[in-house]
Structures are given as structure tokens and as C-alpha cells.
Amino acid sequence: MYKHIKTLIENTRSIFIIQDKLFFTIIFFSCFITGIYSQSRAVILGNVSDQFGNLPGARIAIEGTDYKTTTDVNGNYTFNVNEGEYIVNAAFVMYTTISKTVEVKVGDTIKVDFILQAGFSMDQPVSLGSRAKPKSLLKNTAAVDIVSPQQITSSSQVELSQILHYLIPSFHSTHQTIADGTDHIDPATLRGLGPDQVLVLINGKRRHNSSLLNVNGTVGRGSVGTDFNAIPVASIERIEVLRDGATSQYGSDAIAGVINIILKKQTEIIQIDNRVGITTQGDGFTLYSAANFGLKIGNEGFVNITTEYREREAVNRAGDYTGTVYSDDPIEEERLLQENNFFGQTGYSGRQVMEIGSAETQNLGLSFNAEMPISDHATFYLRGGRNYREGKAKGFYRFPKDQDRVVLELYPNGFSPEILTGIQDDGISGGVRGVKNEWNIDFSHTIGINQLNYTVNNSNNASLGVASPRTFYAGGFLYNQNTTNLDISRSFDWASGLNIAFGTELRVENYQIIAGEEASYVNGGSTFINELGDELPRSVGAQVFPGIRPENELDRFRTNSSGYLDIEANITEKLLVRGAARYEAYNDFKGQAIWKLSGRYRIQDELSVRAGFTTGFRAPSLHQVFFQNISTQFINGESIQVGTFNNESAVAAEAFKIGKLKPELSKHFSAGFSGKFNENITFSLDYYLINIDDRIVLSGQFAEGYEAILEPFGVGAAQFFTNAIDSKTTGLDAVLFFKTPLAQGEFSASLGANITKTRVKNGIKVSEALIGQENILFNREEIARVESSQPNFKVNSFFSYDIDKFNFQMTNTVFGEVKFMHPNDGNPDNWVLNEFSGAIESRDQLFSPKLVTDMGVSYQVNDYIKCTIGGNNVFNVFPDKHTHSANTDEGNFTYSRRVQQFGVYGSNYFVRLLLRL
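Count along the sequence shown from 1, then add 1; that gives the number in our numbering.
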């Protein structure tokens with residue numbers, strides 16, 4: 002069976018060749034079908050606008066027919082129809098839909114114009130969280146945030162993770178630094194939980210995870226997440242964020258919530274977006290260019306295509322290095338510094354020897370979204386894309402004094418090693434949905450592949466001596482996910498409405514670890530003579546990222562099958578009750594049954610309350626089950642080779658008695674209310690409680706006392722994955738929207754807040770071999786990473802004023818405090834001298850809340866051109882600096898790399914030119 006599955010997975014790459022051919026087939030077919038459907042005997046045409054001008058991309062449909070279109074760049078539309086009476090609907094996201102009746106006769110040309118009024122997200126129908134007909138938040142049983150097309154288009158950010166970071170209070174994602182591959186794929190979380198506890202959908206279909214496992218000291222250490230920035234922003238129409246546990250509805254991972262990204266369907270506009278920006282310190286230059294266009298297929302079908310290029314130069318906020326370079330003898334050190342002009346040849350400014358801030362990246366993406374009716378009751382749909390990213394990050398400087406790591410014949414002044422990444426992300430999803438005997442049927446298959454390759458540059462394998470290359474292919478990772486879904490639902494006229502949905506899912510996953518070239522990991526046997534005259538071996542492997550060894554290569558598969566039942570009943574016009582149950586079975590551990598019960602009661606038409614309780618689970622990722630590798634990590638200024646061993650290895654299973662990983666189990670309670678005052682204000686408030694048992698974590702590093710066990714593996718410390726902790730998360734989400742006419746324009750504002758608190762409970766779970774070593778398996782730093790490495794609250798406010806052709810907007814984000822706790826400083830005996838204060842102090846630090854402000858001004862030159870100038874973090878706010886000298890690693894780290902609120906860019910300004918043709 003697995004041989005056939007493996008063959009299936011390996012052959013999926015050929016699907017992306019077919020994907021390219023589909024572009025041309027769909028385009029050709031669209032032209033052919035359009036010609037067929039163009040014959041008619043009357044014309045309905047018109048314009049759609051709001052109070053400030055035309056609305057390109059508005060959706061126009063004629064009820065009871067297949068006639069659908071979107072307005073062109075001038076807000077115009079045209080239908081060729083037969084004689085008769087028609088109801089024409091005009092709609093646009095975040096606007097109130099309007100319907101008009103028109104009667105036409107043979108030869109008539111009737112003009113029907115629409116002026117739409119801006120609405121609220123609370124009034125918009127959303128499908129997320131329900132299998133029934135989409136309904137608004139006032140009618141739903143769970144809280145859903147909507148990121149509108151206007152918010153996406155007007156955002157001052159160019160990466161999806163950053164757009165959500167500054168718009169959704171419960172969402173957190175920042176650029177990481179000095180973290181290997183995590184420098185290039187940003188971890189993203191919801192409600193203070195882990196990156197692997199939020200599920201991402203595209204057009205309602207499960208999105209694949211990244212191949213990267215975060216193993217360095219960042220948010221999400223030990224977890225696998227979704228690469229949000231592999232999804233072109235220009236392809237997105239809107240985003241729905243379900244802030245509720247939904248594992249019973251959507252499957253594993255949806256503990257914190259679900260994010261559904263809905264792609265564009267527009268066919269009438271060519272949109273070209275160009276932006277350039279730079280920080281006030283002269284680095285971090287950003288270039289963004291994207292194009293989006295669509296083509297009709299008949300009266301109802303379409304294909305929408307997006308291409309996007311994004312370039313980001315590195316940002317460096319490293320401090321001046323205060324340590325030694327050549328020698329511990331001050332006189333000799335100063336002589337060699339001057340003689341070799343050391344700080345003048347590093348490539349950095351002043352006395353910097355590192356690049357700390359954010360990595361350099363180049364990103365090219367292509368995506369498409371298409372639908373085509375194949376009968377009166379069935380539609381074929383297809384969407385896909387490819388994203389390729391190259392990144393360059395720097396590691397710790399290797400100084401000439403460290404002869405165990407530096408071949409002086411190659412690098413007499415040491416070197417600043419570089420990690421180069423190539424990340425390719427492919428996805429394609431196709432299916433058929435339709436109606437059969439009044440049952441809605443949706444059958445689909447989705448394929449996702451993410452591959453990450455490492456190249457180490459400007460480095461050496463010291464054990465090879467002068468024979469060492471300077472550039473190495475260090476290996477990589479690949480993750481492949483195939484998902485087949487069958488979803489069936491139907492509504493019944495029982496009581497005030499009943500909807501029954503059921504379905505099944507089959508998922509096949511593949512995880513591969515790919516070895517590097519021999520020179521990147523081999524022990525060449527070179528030695529050096531230290532200052533005491535002793536001959537010692539040199540470090541093995543490419544410095545900064547030792548290559549993956551052949552013995553760590555693997556190619557593993559897993560299958561998962563599940564079935565669900567979802568029942569939603571409107572008991573009365575005011576009371577809605579929903580129940581869902583799901584069973585999932587994996588081939589590598591027992592199955593799991595989960596369920597959800599929720600309800601909503603409408604106190605009045607514009608005020609409702611809701612509550613729900615759900616059980617959930619998250620299966621261990623294939624990465625967590627099988628990952629193993631050796632990496633170089635710097636701990637308290639000292640480099641150490643750290644081996645991560647999977648639970649199948651003799652080290653984990655026999656020496657440490659670590660058992661197989663189990664799924665995480667959760668219980669989630671939520672309650673809240675939503676309301677609306679007149680046509681000016683909407684509000685919602687939600688409380689949540691999430692208990693998670695057996696959370697999977699990456700352990701601390703075991704070294705002392707295990708030397709004999711670790712020596713054959715060439716490592717100084719070992720770590721592994723284990724179900725070590727239980728956690729409790731409580732919090733509040735609040736959202737307020739306001740809009741009103743002001744002078745000759747319109748003013749709108751929103752205020753969103755999230756308050757969250759996570760605590761590790763019930764102690765640390767250890768195997769019988771590790772009793773008494775709980776503080777090593779999961780030390781206080783790791784506990785703090787779970788509890789306080791993300792802001793304990795975040796408040797987002799957005800203000801916008803439209804008048805004539807101008808738009809003024811301001812975004813304020815308040816990031817709550819975060820905390821770093823040193824693993825050893827729970828005992829005051831371990832405190833060290835703080836050279837800043839001259840006192841013996843703890844290295845723990847609380848980083849205070851900060852306010853970041855973004856501003857922008859846009860001018861609509863005409864229907865085709867819009868210009869914007871703006872700035873992010875216009876008041877140049879930075880996180881608190883380190884207050885203990887020991888945390889700076891000899892001056893390098895002015896700001897923390899372990900806990901971050903919003904990064905270290907500082908002020909940056911941009912100009913933008915948006916063309917709609």
C-alpha cells in the first residue's frame with residue numbers, strides 16, 4: 002500500500018506541469034464560450050458607484066439565471082439578455098447589496114445604475130464556521146473577523162503575515178533573526194497559542210504546512226506552521242478569521258481557530274500595484290510589484306490570475322561588538338585590530354560584526370483561481386500557484402581567535418557566515434460542486450508541496466583545513482500533502498430551518514529530510530595547536546549550519562482518514578443550535594473522536610448572544626515525529642553542536658526513555674455577544690477558555706552526565722520532542738466599528754483588542770529516566786516562551802477619512818508586554834554582573850508595552866490611477882533595549898531576539914502607484 006502511496010506522492014509534481022497547460026486551455030476555452038453566449042436580443046447595462054465615485058470589481062448578477070459579471074475599471078457592466086422581466090443585484094464586499102427590477106423587450110437597451118452604501122463587516126455573510134448558507138456575525142454561533150478588500154488594498158504592509166499582524170488583534174507574527182530557516186519563514190499564531198494550532202484554508206480547502214520545523218529560540222520553537230507569505234497578497238479578495246475551536250468541523254490543528262483566505266474572482270480589471278519603501282536608517286529597502294487580471298468564461302465562469310514580486314533588503318540593528326577578536330592580550334589585540342583594519346573589512350558599520358534585524362529576501366509568486374460551469378447544476382473549480390523565495394541571513398561572526406572553527410589560511414580575519422535559502426511552495430486544488438436531488442455536493446482534491454534548501458556561504462568546514470570549500474549545499478526538507486474531500490449538505494424546512502451536513506476526508510502526508518554534500522558534514526580530521534601547545538581537533542561541518550548527514554535522511558509517509566456530521570437547527574426564529582462530531586484515524590496512532598455544541602440567541606434583530614463548547618485535538622506533525630539533525634547553537638556566547646533526535650532513535654527511546662508522541666487534546670469554551678446601533682456602530686465581545694493537554698514541545702538540551710552516550714554522534718547536547726506540558730489559555734476579544742458622514746466626506750473607525758493569558762499547569766511531564774530533571778527537559782525559559790513571549794494584549798485602531806479624491810488613514814497598534822526569563826536565573830546564586838549597573842542581577846527582563854503608528858494619504862487621480870504616500874512606525878518606536886549586559890552577547894544584541902513584539906525596523910516610508918486598467 003505504501004509503495005503505491007509513495008508513487009502517487011512522487012507523481013504529484015507532474016500535476017504542476019499540467020497546471021501550466023491549464024492556464025492556456027482555460028484562456029482559450031473562455032474566448033470560445035464567450036463567443037457562443039454573446040448572442041441575445043436586448044441589453045441591460047449600467048454603472049455601480051458609491052458616494053466618492055465608480056466601484057470597479059463590483060458583482061452584478063441577475064436572479065434566477067446564470068448571468069453574473071463584475072464591473073470594469075469605470076464601474077460599468079453589460080448583459081445581453083432575452084426579452085423578459087429581471088431582478089438585477091449589485092453587491093460589493095463591505096457594501097449593502099441593492100436589487101432592482103427591470104423589464105426589457107426585443108431591441109431595448111436599458112440602463113440600470115446603482116449607488117451602493119458602505120456597510121459593516123458584521124452584516125457580511127460568512128461561510129466559515131458553518132456548513133449551512135453563509136450568514137452574518139449577528140446570526141452566527143462563533144466570532145468571525147473579516148479583513149475586507151479595502152483593508153487589504155489600503156494596507157501599508159506588503160506581506161500577508163504583516164497585514165494580519167496589524168489588523169487582527171489576536172494574530173501575531175514578526176520577522177525573526179539569527180534563527181536559521183526561521184529567518185525566512187515567519188511563525189504566525191492566533192490567541193497566543195502555537196503556529197501549529199491554527200488551521201489555514203484557501204477558498205475553504207486545507208492549506209499545507211511548511212517543510213520547516215522551528216528549532217531555534219523563537220516563538221513557536223518546536224512547531225511547524227503555514228508560510229503565509231507564500232500567498233500573493235494581490236490574489237486575495239478577503240480573509241475570514243474564525244476565533245473559535247473548530248477541530249470537529251475542519252480537522253486537526255484548528256484549536257485556536259481557522260483562517261480562510263478567499264481568492265479574487267474579478268474579471269473586468271487589470272490591476273497593477275507598485276510600491277517602494279525604505280527605513281529612515283537607510284536599510285530595509287522594499288520593492289513590491291504585482292499584477293492581477295481576470296477573464297470571463299461564458300456568462301458565469303472566470304479565471305483570475307495574479308503575479309507578484311517582492312524584494313526586501315536586510316535590516317541591521319546590531320550593537321557594537323565589545324569582545325575580543327584576535328587575542329585575550331589587550332596589547333596584542335589592539336595591535337592586530339589596527340594592523341588588519343578588522344572593523345573596516347567586516348562589511349558592517351562601525352564596530353558591528355553581525356546582521357541582526359531581518360533577513361534579505363526575494364519572492365516571486367504566481368497564482369490563479371478559476372471556475373467553469375459544466376452543467377446547469379454543477380461547476381468545476383480550480384485554483385493553484387507557485388511561490389519561490391530566496392533568502393540570505395547572517396550568523397554569528399567566527400573570529401580568528403577561534404581556531405577550532407576558523408581556518409586562518411582561508412580567513413585570516415575570520416568570517417561572517419551566510420545562510421542562503423531556496424524555498425519553493427506549490428499548491429493546486431480542483432473539484433466539482435453542484436446540486437443533486439436537492440443535496441449540495443462538493444468533491445475536491447488538493448495538493449501542496451513545500452521544499453526548503455539550505456546553502457551555506459562564506460564559511461568553512463574547519464575539520465577539512467585548507468581543503469575546505471567556502472560554499473556548501475547543506476541539504477533541506479520537503480513536505481507534501483494530498484487531501485481529498487467529499488462534503489454533502491442540505492437544508493430542510495423544519496421548524497425555522499434545518500441544515501444537515503456530512504462528509505469525509507482522506508489525507509496523505511510525506512516528509513523528507515535531504516542530505517547535504519559531503520563537505521558540509523564530513524569530519525576531515527584537521528587539528529590545531531592551542532595557546533597551551535595542545536593539539537586539538539577542529540569543529541566538524543560547515544560553520545553556521547552543518548550539513549545534514551546521510552544517516553539523517555528520511556522519506557516517511559502518513560495517512561489520515563476522517564468523517565464528520567454537522568447539524569444546524571433554527572429551533573425558532575431567534576434560537577440557533579449547532580452540533581458537530583468528527584472521527585479521525587491515523588495509521589501511526591489510534592483514532593480520535595471530537596465534538597462541538599454551540600448556539601446563538603437573538604435578543605432582538607440587532608443584538609445576539611452566543612456560546613459554545615468544543616473538544617479538539619492536534620496530531621503530531623510528521624516533522625515532530627521524524628525530524629533529526631545536528632545544528633550549531635550559541636548558548637551564553639558559546640557554540641555547541643546540538644543533536645535533535647526523533648523518538649525512534651536509540652538516544653531518545655533507550656537513553657532517555659521517551660515514548661511515542663501522542664496527539665494534543667483540547668477543550669474550548671467560548672461566550673460572547675454582538676450588536677449594532679442604528680447604522681453607525683457595531684460591536685462584539687467574546688470570552689474564551691482553552692485547556693490543552695499533552696502539548697508537544699521541543700525539550701531542553703541534555704549534556705552533563707550524557708557525554709558517553711552523545712560522543713559517538715559528535716554532539717555536545719541532545720534534545721527531542723515529547724508531550725511534556727498542559728496549558729490553560731483565557732482571554733477576551735473585543736471589536737468596535739464606527740462610521741458616519743463628516744463634512745463632505747465619510748469618516749470610519751475601528752477598534753479591536755485581544756487580551757490573552759496562557760499558563761503551564763500540572764507541572765512538567767517526564768519519563769522515568771528523567772525524574773528530577775524537569776527543569777532541564779522544559780526549563781523556565783521554555784515555560785516563559787509558552788506563557789509570555791507573545792504580547793499579553795494587543796489593541797488595533799484604524800481611522801479613515803474619505804473626502805472628494807483624497808483618503809487619509811491612520812493605524813495605531815498597542816503591543817502589550819513580553820517577558821524573557823533566563824533558564825538559570827530562578828536561583829539568585831546564578832545571577833551575574835550587569836556591567837550597565839555594576840550590580841549582580843537577574844538576566845530576566847520584562848519588555849514594556851509600545852505604541853506603533855502608521856499613516857498614509859492617497860489621491861485618486863482618475864479612474865485609472867491612485868497615488869499613496871505613507872509611513873510605518875512614523876514615531877520611530879523600538880522595543881526596550883536589553884538592560885542586562887550579559888544578554889547582549891558582548892554588545893551584539895541591543896534588542897532581544899528571543900521575544901519580540903513588532904520587530905526592529907523603526908520608521909520606514911513608502912510611495913505607491915496603483916493602476917486599474
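Glycine included, each C-beta is placed from N, C-alpha and C at the ideal position.
Problem - Pick from G673, R601 and L214 that is closest to Y512, judged by C-alpha positions - result: Checked all of G673, R601 and L214; the closest Cα to Y512 is L214.
Problem - C165 in three-state terms, based on DSSP - result: The displayed chain sequence assigns Leu, not Cys, to residue 165. Note: L165 maps to helix in three-state DSSP.
Problem - Other residues of its chain near V113: CB distance less than 7 Å, five sequence neighbours each side excluded - result: The residues are I45, G47, V89, K101 and V103.
Exercise for the section: With distances taken Cα to Cα, identify the nearest neighbour of K729 among E708, D694, E705 and S749. Expected result: Nearest option by C-alpha distance: D694.
Handout entry: Collapsed DSSP secondary structure at V1 in the structure displayed
Key = The shown model of the chain, from 2 to 918, leaves out residue 1, and the question about it has no answer.
Handout entry: Beta-carbon gap between I765 and F748 smaller than 7 Å
Key = No. Outside cutoff.
Practice task
Would you check if the stretch 242-261 and the stretch 682-694 touch, i.e. whether three or more CB-CB distances between them fall below 8 Å?
Solution key: Output reads yes: the stretch 242-261 touches the stretch 682-694.
Handout entry: With 16 other Cβ atoms within 10 Å as the buried cut-off, status of A180
Key = With 16 or more Cβ atoms within 10 Å of its Cβ, A180 is classed as buried.
Exercise for the section: List the whole-angstrom C-beta distance separating N481 from I515, where the pair is believed to meet the contact cut-off of C-beta under 8 Å. Expected result: About 13 Å; that fails the 8 Å criterion.
Practice task
Label G753 either buried or exposed according to how many other C-beta atoms from any shown protein chain fall within 10 Å of its C-beta, with 16 as the threshold for buried.
Solution key: Under a 10 Å Cβ-count criterion, G753 is classified as buried, with 16 or more other Cβ atoms of the shown protein chains found around its own Cβ.
Handout entry: Residue span of the alpha helix (DSSP H) that contains V787, given as start and end
Key = Run containing V787: R781 to S789, per the alpha helix (DSSP H) assignment.
Problem - For D890, the three-state DSSP class (helix, strand or coil) - result: The answer is coil: DSSP assigns D890 none of H, G, I, E or B.
Handout entry: Terminal residues of the beta strand (DSSP E) in which T615 lies
Key = L608 to R619 is the extent of the beta strand (DSSP E) around T615.
Exercise for the section: Taking S249 as part of the alpha helix (DSSP H), name the residues at either end of that continuous run. Expected result: T248 to Y251 is the extent of the alpha helix (DSSP H) around S249.
Problem - Cβ contact check for the stretch 412-422 and the stretch 432-445: 3 or more pairs under 8 Å - result: Contact between the stretch 412-422 and the stretch 432-445 is absent, because fewer than three Cβ pairs lie under 8 Å.
Handout entry: C-alpha gap between T884 and P792, whole angstroms
Key = Taking the straight line joining both Cα atoms gives about 19 Å.
Exercise for the section: Using beta-carbon positions only, say whether N461 and V523 come within less than 7 Å of one another. Expected result: No.
Problem - Identity of the residues DSSP links to W440 by a beta bridge - result: In the DSSP output, where bridge partners are listed per residue, W440 has K437.
Practice task
Grab the span of the beta strand (DSSP E) containing R1 for me, first residue to last.
Solution key: Because residue 1 is not part of the residues shown, which for the chain are 2 to 918, the question remains open.
Problem - Reduced DSSP secondary structure (H/G/I, E/B, other) of P742 - result: Residue state for P742 is assigned as strand, using DSSP reduced to three classes.
Problem - Q642 to D830 span [Cα, whole Å] - result: Straight-line Cα distance between these residues: approximately 27 Å.
Handout entry: Euclidean distance between Cα positions of G534 and G706
Key = Distance between the alpha carbons of G534 and G706: 28 Å.
Handout entry: Touch test, the stretch 419-426 against the stretch 390-405, Cβ-Cβ under 8 Å, three pairs minimum
Key = Put simply, the stretch 419-426 touches the stretch 390-405. At least three CB pairs are less than 8 Å apart.
Problem - Alpha-carbon spacing of K661 relative to A189, whole angstroms - result: Between K661 and A189, the alpha-carbon positions lie close to 27 Å from each other.
Problem - G299, buried or exposed, once every other Cβ within 10 Å from all chains shown has been counted against 16 - result: By the C-beta density criterion, G299 is buried, having at least 16 other C-beta atoms within 10 angstroms.
Problem - Completely contained beta strand (DSSP E) runs for the stretch 65-133, where each covers 3 or more residues - result: Listed in chain order, they are 69-71, 77-82, 85-92, 99-105 and 110-112.
Problem - Local conformation of E241 per DSSP, three classes - result: Assigned with DSSP and collapsed to three states, E241 falls in strand.
Problem - Nearest residue (CA-CA) to K922, options N588, F478, R579 and F628 - result: In the structure displayed, the chain extends from 2 to 918; residue 922 sits before or after that span and is not available.
Practice task
Determine the burial state of T323: buried for a count of at least 16 other Cβ atoms within 10 Å of its Cβ, exposed for fewer.
Solution key: Per the 10 Å Cβ criterion, exposed.
Practice task
Inspect the beta-carbon positions of G193 and T757 and report whether they are closer than 7 Å.
Solution key: Note that the C-beta distance between G193 and T757 is below 7 Å.
Exercise for the section: Could you tell me the distance, in whole angstroms, from the CA atom of F369 to the CA atom of N486? Expected result: Their backbone Cα atoms lie some 21 Å apart in a straight line.
Exercise for the section: Kindly indicate which three-state DSSP category N776 falls into: helix, strand or coil? Expected result: Helix, per DSSP.
Exercise for the section: Could you tell me if I697 is buried or exposed, where buried requires 16 or more neighbouring beta carbons within 10 angstroms of its beta carbon? Expected result: The residue in question, I697, is buried, as its Cβ has 16 or more Cβ neighbours within 10 Å.
Exercise for the section: Rounded to whole angstroms, what's the CA-CA distance from P331 to L338? Just pull it up for me. Expected result: A straight line joining the alpha-carbon of P331 with that of L338 spans about 10 Å.
Practice task
Name the residue from L555, S540, A672 and P713 whose alpha carbon lies nearest to the alpha carbon of G466.
Solution key: Cα-wise, what sits closest to G466 is S540.
Exercise for the section: Measure the CB-CB distance between L129 and E241 and report whether it falls below 7 Å. Expected result: The answer is yes: Cβ separation under 7 Å.
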